[in-house]
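In the working numbering, the protein residues as written are 701 to 974.
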Amino acid sequence: EQEPEPPQIKEEQEPEFQWIKEDQIANNVSVHLRKESVERPHICEECGKSFCHKSHLKIHMRTHTGEKPFPCNECDKSFADKSHLKTHMRTHTGEKPFYCEECDKSFSRRSYLKLHIRTHTGDKPVSCKACDKSFRDKSALKRHIRIHTSEKPFSCKECDASFSQLTHLKSHTRVHTGDKPFSCTECDKSFSEKSSLNTHIRAHTGEKPFSCNVCHASFSRQAYLKSHIRTHTGEKPFSCIKCNRCFSEKSSLKRHVKTHTREKPFIHQIQKKD
């Protein structure tokens, strides 16, 4: 798609005021409404949507017929509109013609750029009705709502695990495949998740971004911080089902459980021969 030419801004002139009678206003509104209806004379018989041009109606009708006359030469996908094919082709060519003026990122679609710009502006126009959280786009809200509904539409074909997000399923699938696509540049370790790689890199950099608000101790992992905070609160959420002893850390509970399950060595009494 070509970028639209910027509008020509004329030098501002002093406005001329003119008194308009009430019946003239009503007449102008009526004319405006008629003009609106004339501008969209092509109406879809299936859903009632109207369009300015017959060609737009023709493209829209394909949403009802399922017709996709524009196939991609690189893969097996087809599209109802030529412009959609053009946008799709960028996934093959890697073309990203829409640039962010705030940073060096670029995008294959204008809509992606618009969403990205909100990371700079902080704009979150989409709100959750179940809680007070807001989001940059509808897809993020849709993913969030599954927390409230407990919906997990993405199921693993190898086991009975299911997930609320497709990215979580993809990450889980690597448990079965053994795929570890995220490699550390400092050592020979690889990871199945990017977040695990990011955490590992802190072992090389020494970065400890998670700080305690009570004593200001810092940690490389959020899990370590949560465990540390229990030393201040006294919380012991991990309990032994054998003796009801409680522990602040899961690892401490695991060590304790071994005292119940560990086999005691047999003591053989050696009798002396007379």
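Backbone N, C-alpha and C fix where the C-beta goes; we use that ideal spot for every residue, glycine too.
Predicted, not measured: the structure shown is a model, and the values here were computed from it.
Could you say which of the options lies nearest to residue i if we only look at CA atoms?
i	options	result
Glu935	Thr787, Tyr924, Glu949	Glu949
Gly692	His844, Arg846, Phe891	In the structure as shown, the chain begins at 701 and stops at 974. Residue 692 is therefore absent and cannot be evaluated.
Phe751	Glu739, Gly822, Glu774	Glu739
Ser850	Ser862, Glu886, Ala840, Leu785	Ser862
His868	Lys852, Phe770, Lys880	Lys852
Thr873	Glu886, Lys889, Cys856, Gln865	Cys856
His960	Cys943, Thr933, Lys814	Cys943
His876	Cys744, Lys842, His816, Glu858	Glu858
Leu866	Thr885, His844, Cys884, His848	His844
Lys665	Arg955, Tyr799, Phe882	No information on residue 665 is available, as it lies outside the stretch 701 to 974 that the chain covers here.
Lys842	Asp832, Thr787, Ser864	Ser864
Tyr812	Glu886, Phe770, Lys749, Lys796	Lys796
Please report the straight-line C-alpha distance between residue i and residue j, rounded to a whole angstrom.
i	j	result
Thr899	Ala923	11 Å
Ser939	Glu801	54 Å
Asp860	Ser896	24 Å
Phe854	Pro741	43 Å
Ile901	Thr819	25 Å
Arg945	Lys838	47 Å
Asp776	Lys782	15 Å
Ile941	Ser952	14 Å
Cys772	Ala830	41 Å
Glu893	Glu907	19 Å
Thr885	Ala903	13 Å
Ile847	Lys754	44 Å
Gly766	Glu746	13 Å
Asp804	Pro937	46 Å
Lys758	Thr787	20 Å
Ile743	Thr763	14 Å
Thr791	Ser806	13 Å
His816	Met789	21 Å
Taking its Cβ as the centre, do 16 or more other Cβ atoms sit within 10 Å of residue i, making it buried, or is it exposed?
i	result
Arg810	exposed
Arg683	The requested residue 683 does not occur in the structure, where the chain is confined to residues 701 to 974.
Ala780	buried
Arg836	buried
Subject >> Cβ contact check for the stretch 899 to 912 and the stretch 923 to 931: 3 or more pairs under 8 Å >> reply: yes
Subject >> Segments of 4+ residues assigned as alpha helix (DSSP H) that fall wholly inside the stretch 845 to 889 >> reply: 866 to 877
Original post:
Can you give, in chain order, each stretch of the beta strand (DSSP E) that sits fully within the stretch 900 to 963 and has at least 3 residues?
Top reply: none
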